[in-house]
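The next block holds one structure in the form of structure tokens; read it before the comments.
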Amino acid sequence: MEQILNRLANVIGYKQTGTFYIATDHNTSCRFAVNNGKLTHCTHRRDQGQAALLSLLETGGGSCSFSENQSIPFRADAAIEHQASLTLLGITPLVPLKPVVNALPVRIPPEKSKPAPVSTVNNRFYRGGG
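Position 61 of the sequence shown, counted from 1, bears residue number 61 in the UniProt record's numbering, the numbering being contiguous throughout.
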């Protein structure tokens with residue numbers, strides 16, 4: 001069951017949306033609704049909500065799958081509170097690692113000086129006299 005819950009923690013950590021399915025070794029099924037990384041509903045056997053979480057913990061191992069963006073209707077009594085469910089299941093969401101970017105100093109060459117533009121304007125002034 002630990003591997004299954006780790007997979008669920010991974011789905012939650014990546015803030016995915018869809019339905020998480022579990023087929024237990026006791027030939028029972030469980031499903032979770034996941035919305036942007038939050039557990040919203042759970043069913044196991046004929047149990048709904050908190051009772052489904054408790055009955056799931058009584059089973060052994062099994063297999064699991066996740067269907068991203070698949071939304072299956074749940075009954076209202078299957079609703080669960082996200083944080084309380086994580087605590088009950090002993091799940092810590094696996095936060096994806098952000099890539100490390102090492103900022104290396106970049107040497108920017110100075111701009112080449114440009115010669116002053118040659119003026120074509122006649123700057124001769126008449127000074128009188130002569």
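Yeah, the Cβ is synthetic: ideal placement off N, Cα and C, and Gly gets one too.
Between Thr19 and Ser85, the gap from beta carbon to beta carbon reaches 7 Å or more. Gly49 is not a Cβ neighbour of Thr24, given a cutoff of 7 Å. The three-state secondary structure of Ile72, taken from DSSP, is coil.
Rounded to the nearest angstrom, the gap between the Cα atoms of Asn10 and Ala52 is 21 Å. Secondary structure of Gly90 (DSSP, three-state): coil. Rounded to the nearest angstrom, the gap between the Cα atoms of Ile80 and Lys38 is 10 Å. Ala78 is not a Cβ neighbour of Thr28, given a cutoff of 7 Å.
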